[in-house]
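Scroll down for the structure; my scribbles are underneath it.
Number of protein chains: 2
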Amino acid sequence: MARPERRTVRDVRRGNRAMLLRTLYFDGPASRNDLSGLTGLSAATVSTMTGGLLGDGIVVEAGQVDSDGGRPRVLLRVNPLYGYAIGVDVAETHVRVELFDLEMHQRAKVEYALRPARHEPELVAMHILAGIEVVLSDAGIPAERVLGVGIGVPGIVERGTDVIHAKAFGWNGVPMGALLRASTSLPLYVDNGAKAMGQAELWFGSGRGAANAVIVLIGAGVGATVVADGATFHGVSSSAGEWGHTKIVAGGRPCRCGGRGCLEAYIGAEAILERAGVSTQKAGWQEELTRVLASRSSVVEETVEYLGVGLANLVNLLNPERIIIGGWVGLLLGEALLPEIRDVVAANSLAQPYAASSIVLGRLGPDAVALGAATLVIEEFLNATPAARVPATG
Amino acid sequence: MARPERRTVRDVRRGNRAMLLRTLYFDGPASRNDLSGLTGLSAATVSTMTGGLLGDGIVVEAGQVDSDGGRPRVLLRVNPLYGYAIGVDVAETHVRVELFDLEMHQRAKVEYALRPARHEPELVAMHILAGIEVVLSDAGIPAERVLGVGIGVPGIVERGTDVIHAKAFGWNGVPMGALLRASTSLPLYVDNGAKAMGQAELWFGSGRGAANAVIVLIGAGVGATVVADGATFHGVSSSAGEWGHTKIVAGGRPCRCGGRGCLEAYIGAEAILERAGVSTQKAGWQEELTRVLASRSSVVEETVEYLGVGLANLVNLLNPERIIIGGWVGLLLGEALLPEIRDVVAANSLAQPYAASSIVLGRLGPDAVALGAATLVIEEFLNATPAARVPATG
DNA sequence: GCAGGTTCCTTCGGTCGCTGAACTAACATG
DNA sequence: CATGTTAGTTCAGCGACCGAAGGAACCTGC
Numbered sequence: 000m001a002r003p004e005r006r007t008v009r010d011v012r013r014g015n016r017a018m019l020l021r022t023l024y025f026d027g028p029a030s031r032n033d034l035s036g037l038t039g040l041s042a043a044t045v046s047t048m049t050g051g052l053l054g055d056g057i058v059v060e061a062g063q064v065d066s067d068g069g070r071p072r073v074l075l076r077v078n079p080l081y082g083y084a085i086g087v088d089v090a091e092t093h094v095r096v097e098l099f100d101l102e103m104h105q106r107a108k109v110e111y112a113l114r115p116a117r118h119e120p121e122l123v124a125m126h127i128l129a130g131i132e133v134v135l136s137d138a139g140i141p142a143e144r145v146l147g148v149g150i151g152v153p154g155i156v157e158r159g160t161d162v163i164h165a166k167a168f169g170w171n172g173v174p175m176g177a178l179l180r181a182s183t184s185l186p187l188y189v190d191n192g193a194k195a196m197g198q199a200e201l202w203f204g205s206g207r208g209a210a211n212a213v214i215v216l217i218g219a220g221v222g223a224t225v226v227a228d229g230a231t232f233h234g235v236s237s238s239a240g241e242w243g244h245t246k247i248v249a250g251g252r253p254c255r256c257g258g259r260g261c262l263e264a265y266i267g268a269e270a271i272l273e274r275a276g277v278s279t280q281k282a283g284w285q286e287e288l289t290r291v292l293a294s295r296s297s298v299v300e301e302t303v304e305y306l307g308v309g310l311a312n313l314v315n316l317l318n319p320e321r322i323i324i325g326g327w328v329g330l331l332l333g334e335a336l337l338p339e340i341r342d343v344v345a346a347n348s349l350a351q352p353y354a355a356s357s358i359v360l361g362r363l364g365p366d367a368v369a370l371g372a373a374t375l376v377i378e379e380f381l382n383a384t385p386a387a388r389v390p391a392t393g
Numbered sequence: 000m001a002r003p004e005r006r007t008v009r010d011v012r013r014g015n016r017a018m019l020l021r022t023l024y025f026d027g028p029a030s031r032n033d034l035s036g037l038t039g040l041s042a043a044t045v046s047t048m049t050g051g052l053l054g055d056g057i058v059v060e061a062g063q064v065d066s067d068g069g070r071p072r073v074l075l076r077v078n079p080l081y082g083y084a085i086g087v088d089v090a091e092t093h094v095r096v097e098l099f100d101l102e103m104h105q106r107a108k109v110e111y112a113l114r115p116a117r118h119e120p121e122l123v124a125m126h127i128l129a130g131i132e133v134v135l136s137d138a139g140i141p142a143e144r145v146l147g148v149g150i151g152v153p154g155i156v157e158r159g160t161d162v163i164h165a166k167a168f169g170w171n172g173v174p175m176g177a178l179l180r181a182s183t184s185l186p187l188y189v190d191n192g193a194k195a196m197g198q199a200e201l202w203f204g205s206g207r208g209a210a211n212a213v214i215v216l217i218g219a220g221v222g223a224t225v226v227a228d229g230a231t232f233h234g235v236s237s238s239a240g241e242w243g244h245t246k247i248v249a250g251g252r253p254c255r256c257g258g259r260g261c262l263e264a265y266i267g268a269e270a271i272l273e274r275a276g277v278s279t280q281k282a283g284w285q286e287e288l289t290r291v292l293a294s295r296s297s298v299v300e301e302t303v304e305y306l307g308v309g310l311a312n313l314v315n316l317l318n319p320e321r322i323i324i325g326g327w328v329g330l331l332l333g334e335a336l337l338p339e340i341r342d343v344v345a346a347n348s349l350a351q352p353y354a355a356s357s358i359v360l361g362r363l364g365p366d367a368v369a370l371g372a373a374t375l376v377i378e379e380f381l382n383a384t385p386a387a388r389v390p391a392t393g
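Those protein sequence lines, which keep their order, are chains B and Z.
Each residue of the first sequence is one higher than the one before, counting from 0 in numbering that gives the first Met the number 0.
Each residue of the second sequence is one higher than the one before, counting from 0 in numbering that gives the first Met the number 0.
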């Protein structure tokens, strides 16, 4: 019922250009001939379109391939130096800023520590702005070549306004977009950090090629990215994916959200440690958790049970083709206990959807939020309108 | 990542035509001028497009409206007699076939009882085929004027092949599509009955205008239709929406699916009655349930609690703008206890997504599966390619 | 009853984008 | 070096939208 937009003949061009660029980005390098086959566009159209992209410096030649007996095919690919994407990870303990080229190779990186309970929006904004300056000068790249800045933050981000609600930071309606735009003219893309990271796994990690997937992120908090028909699902007010506070034990263990029986109250980092009787006051959660998991105690068994039930609910409700487990707790759990987790999911989901889904671990490690944030920039780059731009020289 | 299709200039036409037809269908009657405003298309384009639709008999004039001081506007609307849609409800106790015109006015109807445990696919197919004949001859409408037959069945329907897996019927891989197509050349659209009914509520009931909604259906079984960005979500193997077997009490009450703690094991019709100590052997569940609900016993309180928790999980995970409660149990529960249900949802969901969602009752009653199935036909009609067709005479 | 005003609708030329077909380019082979 | 093969380009044609200009159908006031 969402009424589609009016289309005009120019939208055809934009859509086809985006498709071709996408193909080249994910499946490249490819010859014009290959592209014609991959996209379904006629050779003529591919030719004129690549001509434009080559002229803009967005696409470059990448060698030749002999073709038996005929003119060799010229390979094309997206120019990795056409532009750069900055990704920012705003987390509880730090603000990290990373600079990537279009191939997602990291070119520079800087991190600012945040003191506990010192998350003033202005401070965070300052770190972000400073970080942008630093990574650019470290890599020797002028700001004009930056396609945009993606920012992954905790909490809920209102789309359009970039207003943030983050309980963990005490942020309630922080206009981070406006705050930053006052001091920089770079295009900004703000989204929830878990969703950004989910998109990274989807594009470059274990999710490649999946149109229906769920990427769950288990760390101190618990979240999920729901990918429906190829697109990240945001819901009506951008808060879709709050998986951590779904109830799996009606009237169960109290959660820091104020509710009871939340998934996070069983499989979040703090919850596991508490249930294992380990103090969560001192540092070194990761080592402690590793130790707890190795113990294979009943707490571990229960954790697997709860995680499996939570995942089974996703399998039943959403029928994804792939479930990707990420986050540092998720990866520790998965590395130690993936077969057991799968068994619990099988026992608690319907046979048909279970058979259609595979459960795998994330491939990008627990620290891919900045990378994920940068993919927000790439996404925009791939869809962008063919516009007049400064020609690239890189 | 689902790569979009290649587009050509003709797709523009098709998309715009579909949009215009959709607008006329849901918001009509409207003048050409109105349509220009509503669709964003230029007056010129609307004029040529409506010209074609009028010529095909798909659209007809519907009176005039004076416009102060100028030429009166001619109203247009979809010709309700251009074609007809047949909807079939295949349920445990009956096969019901209904004939609708394009305005969804029922023109004829026939029902065949099914004996318990007599659900042979051939028998059901026979009833469907016979029903089609009967409603057409009752209404005096030739088969050529039927745009298609929508069929709502229990269980999971594989999209594309129309193969059905329905545990309740003992159907495991029944090729219902092929079975029927052997005896009729009418276009067939098979889908899960709950999803079909969900689409009916979305289009004509309480869901009008919602792009992100969940329609939950509570009867003997419990299911949900997830609507994401305007489209019913099916998942990778068409089984999305199996909400009834999500676990809300880890290790809880045994369910007929073999699992434990399923939502259906608490709020399904049978589950409520059993928990209230009412025998489910004899008939008259509806009266019994009404009595149980009126008692406001602790069982009723618990039922509200479980339903609320289940809905709260949907609110958190999917962030819908509207949740619609349907099905005969759902409607009974909602009529008696909607405020209490809302309170439980509020207590068990996050504030931000809860505030963004409204929880309402279905408006089409508990028996709208055939209507919903017919909407599958309408959907196709609205999107169809402008093709050469027999001109309408109705 | 008619000139002028207003609003709705249609017609027409212009532009844009895709396509098939013809054509050119660049190689291998004998 | 003639021939064959494959890759890529150019060009005329078609379909779709749009803006602008023109026509249609009504109202108002004199």
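Backbone N, C-alpha and C fix where the C-beta goes; we use that ideal spot for every residue, glycine too.
- Pro253/Z and Ile266/Z have their alpha carbons spaced roughly 13 Å apart.
- By the Cβ neighbour-count rule, Arg95/B is buried, with 16 or more other Cβ atoms within 10 Å of its own.
- Residues of the stretch 44–56 of chain Z whose Cβ lies closer than 7 Å to any Cβ of chain B: none.
- Here Asp342/Z is exposed: its Cβ has fewer than 16 other Cβ atoms, across all protein chains shown, within 10 Å.
- Here Ala270/Z is buried, its C-beta having at least 16 other C-beta atoms within 10 Å.
- For Asn171/Z, no alpha helix (DSSP H) encloses it; the enclosing beta strand (DSSP E) starts and ends at 170–173.
- Counting C-beta atoms within 10 angstroms of its own C-beta, Lys194/Z has 16 or more neighbours from the protein chains shown and is therefore classed as buried.
- Interface criterion met: the Cβ of Ser237/B is under 9 Å from a Cβ in chain Z.
- Nearest to Arg114/B by C-alpha distance, out of Phe168/B, Ile127/B, Gly86/B, Pro79/B, is Phe168/B.
- Taking Thr38/Z as the centre and dropping the five residues before and after it, the same chain places the C-beta of Met18, Leu19, Thr22 closer than 6 Å to its C-beta, in chain order.
- At a cut-off of 9 Å between C-beta atoms, Ser294/Z does not count as an interface residue with respect to chain B.
- Residues of chain Z whose Cβ lies closer than 8 Å to the Cβ of Arg274/B do not exist, since the nearest Cβ in that chain is about 14 Å away.
- If you look at His93/B, you'll find it in the beta strand (DSSP E) that goes 93–100.
- At a C-beta separation below 7 Å, Phe232/Z has these neighbours in chain B: Ala227.
- In terms of beta-carbon proximity, Glu143/Z stays away from the interface with chain B, with every pair separated by 9 Å or more.
- Take the alpha-carbon of Glu121/B and the one of Gly139/B: they are about 27 Å apart.
- Judged by DSSP secondary structure, Leu201/Z falls within the alpha helix (DSSP H) whose first and last residues are 192–203.
- In the three-state DSSP reduction, Lys281/B falls in the coil class, being neither helix nor strand.
- Leu316/B is positioned such that its CB atom lies closer than 9 Å to that of Ala223/Z.
- Ranked by Cα distance from Gly130/B, the options Gly154/B, Leu98/B, Arg117/B are led by Leu98/B.
- For Leu349/B, the secondary structure class from DSSP, reduced to helix, strand or coil, is coil.
- Val156/Z is not a Cβ neighbour of Val11/B, given a cutoff of 9 Å.
- In this model, Leu187/Z and Val376/Z are separated by some 8 Å (Cα to Cα).
- Contact annotation: Glu241/Z and Asn318/B have beta-carbon atoms nearer than 9 Å.
- Between Pro141/Z and His104/Z, the gap from beta carbon to beta carbon reaches 9 Å or more.
- In the three-state reduction of the DSSP assignment, His164/B falls in the strand class, which pools E and B.
- The alpha-carbon separation between Gly333/Z and Ala90/Z amounts to approximately 23 Å.
- Assigned with DSSP and collapsed to three states, Pro153/Z falls in coil, not helix or strand.
- Spanning the alpha carbons of Pro28/B and Glu200/B requires a straight line of approximately 22 Å.
- Assigned with DSSP and collapsed to three states, Ile271/Z falls in helix.
- Using a C-beta cut-off of 8 Å, the stretch 295–309 of chain Z makes no contact with the stretch 223–236 of chain B, since fewer than three inter-stretch Cβ pairs fall below that distance.
- Contacts with chain B (Cβ-Cβ distance below 8 Å) from the stretch 125–141 of chain Z involve no residue at all.
- Residue contact with chain B for Thr38/Z: present (Cβ-Cβ distance below 9 Å to some residue of chain B).
- One finds Ala249 in chain Z with Cβ atoms closer than 7 Å to the Cβ of Tyr305/B, taken in chain order.
- Just measuring C-alpha positions, the residue of Glu378/B, Ala369/B, Ala219/B, Asn382/B sitting nearest Asp88/B is Ala369/B.
- Close to chain Z, meaning a Cβ-Cβ distance shorter than 7 Å, are the following residues of the stretch 141–173 of chain B: Ile155, His164.
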